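Take a look at the structure set out below.
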Amino acid sequence: MPKDTSDSRYDILFQPLRIGPKLAKNRFYQVPHCNGGGYRDPSAVVEMRRTKAEGGWGVIFTEQTEIHPTSEITPFIEQHLWDDRDIPALARMADAMKSHGALAGIQLAYSGINGPNLYSREVPLAVTGGPILTFTSDPVQARTMDREDIRDLRRWFRNAFRRSQTAGFDLICLYGAHGFGILQHFLSRNTNHRTDEYGGSLENRARFLREIVDEAREETKGELAISLRLSLHEAGEMGFSNAELRDFIEMHGDLPDIWDLAQGTWEACSGTSRFKPEGAQEDLVKGIKQLTSKPVVGVGRFTSADAMVRQIKAGILDFIGAARPSIADPFLPKKIEEGRFDDIRECIGCNICVSGDMTQGISRCTQNTAFMEEWRKGWHPERMHPKGKSESVLIVGAGPAGLEAAHILGKRGYQVTLAEATTQLGGRVARERTLPGLSAWGRVADYRAGQIAPMPNVQTYLDSRLTPDDILSFGIEHVAIATGCHWRRDAVARLHLHPIPTDPAMPVFTPDDLMSGGGPTAGTVLLYDDDHFYMGSVLAELLVQRGCTVHFVTPAVKVAEWTDNTLEQSTIQRRLSDLAVHIHLSHAPDTIHATAADLTCTWSGRTTTIPCDAVLMVTSRIPNDSLFHATRAQDWQAAGIASLKLIGDAAAPGPIAWATYAGRRYAEELDSPDRGDALSFRREIAELLPPVRLTP
835 MPKDTSDSRY
845 DILFQPLRIG
855 PKLAKNRFYQ
865 VPHCNGGGYR
875 DPSAVVEMRR
885 TKAEGGWGVI
895 FTEQTEIHPT
905 SEITPFIEQH
915 LWDDRDIPAL
925 ARMADAMKSH
935 GALAGIQLAY
945 SGINGPNLYS
955 REVPLAVTGG
965 PILTFTSDPV
975 QARTMDREDI
985 RDLRRWFRNA
995 FRRSQTAGFD
1005 LICLYGAHGF
1015 GILQHFLSRN
1025 TNHRTDEYGG
1035 SLENRARFLR
1045 EIVDEAREET
1055 KGELAISLRL
1065 SLHEAGEMGF
1075 SNAELRDFIE
1085 MHGDLPDIWD
1095 LAQGTWEACS
1105 GTSRFKPEGA
1115 QEDLVKGIKQ
1125 LTSKPVVGVG
1135 RFTSADAMVR
1145 QIKAGILDFI
1155 GAARPSIADP
1165 FLPKKIEEGR
1175 FDDIRECIGC
1185 NICVSGDMTQ
1195 GISRCTQNTA
1205 FMEEWRKGWH
1215 PERMHPKGKS
1225 ESVLIVGAGP
1235 AGLEAAHILG
1245 KRGYQVTLAE
1255 ATTQLGGRVA
1265 RERTLPGLSA
1275 WGRVADYRAG
1285 QIAPMPNVQT
1295 YLDSRLTPDD
1305 ILSFGIEHVA
1315 IATGCHWRRD
1325 AVARLHLHPI
1335 PTDPAMPVFT
1345 PDDLMSGGGP
1355 TAGTVLLYDD
1365 DHFYMGSVLA
1375 ELLVQRGCTV
1385 HFVTPAVKVA
1395 EWTDNTLEQS
1405 TIQRRLSDLA
1415 VHIHLSHAPD
1425 TIHATAADLT
1435 CTWSGRTTTI
1445 PCDAVLMVTS
1455 RIPNDSLFHA
1465 TRAQDWQAAG
1475 IASLKLIGDA
1485 AAPGPIAWAT
1495 YAGRRYAEEL
1505 DSPDRGDALS
1515 FRREIAELLP
1525 PVRLTP
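Counted from 1, the sequence shown has number 1161 at position 327 by the numbering used here; the numbering is strictly sequential.
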């Protein structure tokens, strides 16, 4: 679609801008981000980055790339640039990034005090020795680097610079942000306790960084641009604060070719939309551009073109940095350039993408179901496979799975009938978006509803609760049942595999009750969370807003423990504490009485009794699959139905991203040949080297 030339408000976003010896074609800058693929899935990562190049990004970076086996962060799966054998995979990535005119960048990392070396078994090296600072509290310590170690590290960086240039990258990002990179460890008094020329004053603590930048320019003959990625603020009395960062930039304003600035910790930098609005880092980065003649890039989960323009015109940023928005919509720059704002898949800030890296799986995105499936499954965020031999599909249920299936099938060219039993589209999303902090999640429904609305081949019917006879009478070739699920009321989940004794006099509620406007509005509520994701803490906050006293009970050792994987667990627990919620960790109810509940410690078995007026069970969910089974029990094939499928939460409840993925998979695989026992995705197998003969 051609650009709307009558609207020049966004032209500034597409101005070419120089970064040292390189020229970026526009101001859209995909900052480094992990993806769960790393060295294990190089082709998957290559195609993911190629898609962003096609989508119009001016600068595209890899994720964290470890430069040497003396600093690696197993179990996390990042990229390696340990020796020359790593170059070919990275060269393919650089080529993919540059395939549509983007600059290709590589982020080089040496993790120091953050590298446990569980795979390489090398002794970790740090600016100042001490326990490894990891997510998992590994029982490992690093030793303090001496001058010889520092000389070695400079050589290892030079090797990485040479290999990066050989691989064809245009930019090198030196990683010193989020507490993860050794450059920040040198700069910060938290991690630098040295008394030699590399410690003490800010000038001394910056010495190694200056040396590394000089090494990079010398090794690459000044042909590659140098980006320096630093934290905007590190907490703690001895942390590398925002004020000290400004002092450093004022002292070394021309050191890199571009300053890449990101908020202190990864949790703070990539906070979920529940806790961080768009542009949340503005106060920390404002005014820094005036301290340097070099361009500045920053992030803020930017999805609004107007917000992007304001950042540039106000002199806050030169480039609009993005990680999560570039995942949710790799074509964000093109859509802004062409004025296709209704087609933008806005990031909802759920951090499911982050969880792929944190769980050592493959990353996924709630909004962009093609993310990391571009090579594995051949999916594309914008282009769909053409329609197969069939013509018509009935989708029952317009939740995230049903909407995504209708959206993709409509784009493929099928005649789609979408039947929803309620009076609104969205299913669980329509309910959850009304909860505290989750309004951005409504974008899941809004985007898909907006996409299918103008499609003449997709017909949507609200307030249409179907029966098996209705389904059989339509004369439609394929039927997908996407009727969602509902929360259990009987405590059955991970700890309790069977219902617990419950006095019927005690009011027992589920999340569905509260999302429908029911549930307690006063009194003392015992909330039992054996789900361990966001729902329990969100509903605790809702109950406090209603005026309830809340006892949050969980068998886990911390609140919402799975949200470690979405970088929000500590924020959630702190929020509940600030709201005066009574937190009972490592406990679970084993008996619900008429006016109280008996809690048992999961470690000691000791029991305490908590008086309460109501109980809220946030445990597990039951698929709404009765329509599917009732239809399947009839002679549906005789009615001309070629396939009858159960998808999304109706098949197996999971996060919203699991539901949208299920909808995409159903739509993509319709009319595909039976693959038998073949895998549903492509994978790469490790190279086998010749055996090593050991001599006595």
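Idealized CB from N, CA, C, for every residue including glycine. No experiment lies behind these values; they were computed from the predicted model shown.
Determine the contact status of residue i and residue j, defining contact as a CB-CB distance below 8 Å.
i       : j       : result
His1421 : Asp1337 : no
Arg1328 : Thr1344 : no
Val1384 : Val1359 : yes
Ala923  : Gly892  : no
Leu1413 : Val1378 : yes
Leu1017 : Leu1043 : yes
Glu1037 : Arg988  : no
Cys1382 : Gly1357 : yes
Glu906  : Gly949  : yes
How would you call residue i, buried or exposed, if buried means at least 16 neighbouring beta carbons within 10 angstroms?
i       : result
Ser1371 : buried
Val961  : buried
Met927  : buried
Ala1512 : exposed
Phe1386 : buried
Tyr863  : buried
Glu1031 : exposed
Trp916  : buried
Phe1136 : buried
Ile846  : exposed
Ile1150 : buried
Gly1352 : exposed
Trp1437 : exposed
Ala1204 : buried
Thr1251 : buried
Asp1152 : buried
Asp1163 : buried
Gln1471 : exposed
Ala936  : buried
In three-state terms, what does DSSP make of residue i?
i       : result
Trp1209 : coil
Arg1440 : coil
Arg1455 : strand
Ala1431 : strand
Glu897  : strand
Thr1009 : What sits at residue 1009 in the sequence shown is Tyr, not Thr. Reduced to three states, the DSSP call for Tyr1009 is strand.
His1019 : helix
Ser1224 : coil
Val1119 : helix
Gly1244 : helix
Gln1468 : coil
Lys859  : coil
Gln999  : helix
Arg843  : coil
Pro1333 : coil
Arg1144 : helix
Val1188 : helix
Gln1194 : coil
Glu932  : A small fix is needed here, since residue 932 is Lys in this sequence, not Glu. Lys932: helix per DSSP, three-state reduction.
Trp1275 : helix
Tyr1362 : strand
If I'm right that residue i touches residue j with Cβ under 8 Å, what's the distance once you round it to whole angstroms?
i       : j       : result
Cys1100 : Ser877  : Correcting the residue type first, residue 1100 is Trp in the shown sequence and not Cys. With a Cβ gap of about 26 Å, Trp1100 and Ser877 do not count as contacting.
Arg1299 : Ala1255 : 4 Å
Thr1443 : Ala1430 : 5 Å
Ala1239 : Tyr1500 : 5 Å
Val1313 : Ile1475 : 6 Å
Leu1478 : Ser1224 : Going by Cβ atoms, the distance from Leu1478 to Ser1224 rounds to 13 Å, so no, they are not a contact pair.
Asn1185 : Thr1400 : 4 Å
Ala1287 : Gly1497 : With a Cβ gap of about 17 Å, Ala1287 and Gly1497 do not count as contacting.
His1241 : Thr885  : Their Cβ separation, rounded to whole angstroms, is 18 Å, which puts His1241 and Thr885 out of contact at 8 Å.
Arg1277 : Glu1180 : 5 Å
Phe1165 : Glu1216 : 6 Å
Phe1003 : Leu967  : Not confirmed; about 29 Å, so no contact.
Glu1068 : Ser1022 : 6 Å
Original post:
Does the stretch 976 to 988 touch the stretch 997 to 1008, meaning 3 or more C-beta pairs lie closer than 8 Å?
Top reply: no
Original post:
Counting Cβ pairs closer than 8 Å, one from the stretch 1258 to 1276 and one from the stretch 1239 to 1248, do we hit at least three?
Top reply: no
Subject >> Validate contact between the stretch 1084 to 1094 and the stretch 1127 to 1146 using beta carbons, cut 8 Å, 3 pairs >> reply: yes
Original post:
Are there three or more Cβ pairs, one per stretch, closer than 8 Å when the stretch 1290 to 1298 is compared with the stretch 1485 to 1495?
Top reply: no
Subject >> Cβ contact (3+ pairs, closer than 8 Å) linking the stretch 863 to 873 and the stretch 1185 to 1198 >> reply: yes
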